[in-house]
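Take a look at the structure below.
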Amino acid sequence: MNRILIPIAIVAVALFWAWSAVVIVREDQQAVVRSFNAIQRAETDAGISFKLPAPFGSVDFIEKRVLATDPEIEQFILSDDTRLDVDYYVRYRITDPITYVRNTSDLLSVQQVEQASKDSLSEALRSVGLSTVLSDQRDQLLLDVRSEISTKMGALGIDVVDIRIGRADFVAENLPFAFNEMSADLLDTYKSELSNGSAEGERLRATANQEARTKVATARATAAIMRGEAEAEAARLLNAAHGRDLEFYTFWQSMQAYRESVALEDNALILSTDNDFLKSLQSPSLLQ
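In this note's numbering, the protein residues as written are 156 to 443.
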């Protein structure tokens with residue numbers, strides 16, 4: 156019986172020992188392989204690799220996914236002495252496994268990220284007022300904070316992906332000041348929009364007036380051209396008629412002269428009975 160159990164035990168131990176040399180890395184993991192407790196290499200891609208069997212070789216598995224911290228609500232003071240209770244979070248990933256293993260650990264790294272985030276955010280908020288926190292400028296502020304934290308954490312093999320403020324509440328003693336500050340900002344915004352609207356209205360009116368003047372000038376020029384063309388055509392037709400009938404031409408010129416004389420205001424025209432004009436009017440040949 157012992158002859159059978161001993162070989163089985165030896166084979167089992169050998170298989171276990173050989174299996175301990177296999178390193179299986181999942182998609183959400185990266186690994187740091189050690190030999191005699193000295194770091195040999197990092198495995199950042201999923202798959203199977205090998206190391207020295209235990210106890211000569213070991214492996215440290217590290218998260219490859221984006222991690223997040225959820226620190227306690229912190230109170231920060233702004234440049235205008237406004238106090239805010241801020242709930243924020245930080246998202247980060249481990250980008251250099253070997254540096255990470257050499258300088259920190261999972262539990263310690265969370266504490267280090269939270270402390271670095273608190274320090275950087277406190278310094279940034281201390282340099283701005285409430286209006287910045289309430290406006291779109293806050294996004295740029297957080298980008299600068301993220302960059303600063305990422306620089307600090309780079310020495311630990313950590314890259315900070317994002318930092319966000321979930322909510323920011325006023326401390327009770329600051330509520331009157333905060334209300335006045337927001338009212339002043341809204342009033343400034345209203346005045347700015349009103350000024351911009353007035354300027355835009357003036358610009359549109361000036362543009363409309365200029366377009367109207369241009370169109371009127373164009374219409375007058377077109378009318379003058381058409382009137383000139385009509386008068387030229389009338390003159391051409393009249394000259395053609397005069398060329399065919401000299402007597403009619405003479406009569407027509409006389410009519411034009413009399414018309415201009417009679418057209419004058421308070422102007423009376425006295426003619427003798429033997430005047431050619433009266434004779435022309437009495438001539439049956441012209442009245443027909």
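For glycine and all other residues, C-beta sits at the position ideal for the given N, C-alpha and C.
Query raised in the report: Are the Cβ atoms of D240 and A323 separated by less than 9 Å?
Result: yes
Query - Alpha-carbon spacing of T362 relative to S353, whole angstroms - result: 14 Å
**Report entry** Residues bridged to V315 [DSSP beta-bridge criterion]
**Finding:** Y247
Query raised in the report: Name the DSSP bridge partner or partners of L222?
Result: Y247
Query raised in the report: Can you name the start and end residues of the alpha helix (DSSP H) that R181 belongs to?
Result: Run containing R181: none; DSSP gives neither H nor E here.
Report task. Would you give the residue range spanned by the beta strand (DSSP E) that E227 belongs to? Result -> Run containing E227: none; DSSP gives neither H nor E here.
Report task. Measure from the alpha carbon of P208 to the alpha carbon of each residue in E198, A169, K219, A197, then state which is nearest. Result -> A169
Requested in this report: Mark S282 as exposed unless 16 or more other C-beta atoms lie within 10 angstroms of its C-beta, in which case mark it buried.
Outcome: The residue is exposed, with fewer than 16 neighbouring Cβ atoms inside 10 Å.
Requested in this report: Look at the alpha carbon of V315 and the alpha carbon of I249, and state the distance between them as a whole number of angstroms.
Outcome: 9 Å
Query raised in the report: Does the Cβ-Cβ distance between A176 and F205 come in under 9 Å?
Result: Yes, they are a contact pair.
Report task. Enumerate in chain order the residues of its own chain whose CB-to-CB distance from F231 is below 6 Å, with the five nearest sequence positions on each side excluded. Result -> So the qualifying residues of the chain are L239, V241, S277, L280.
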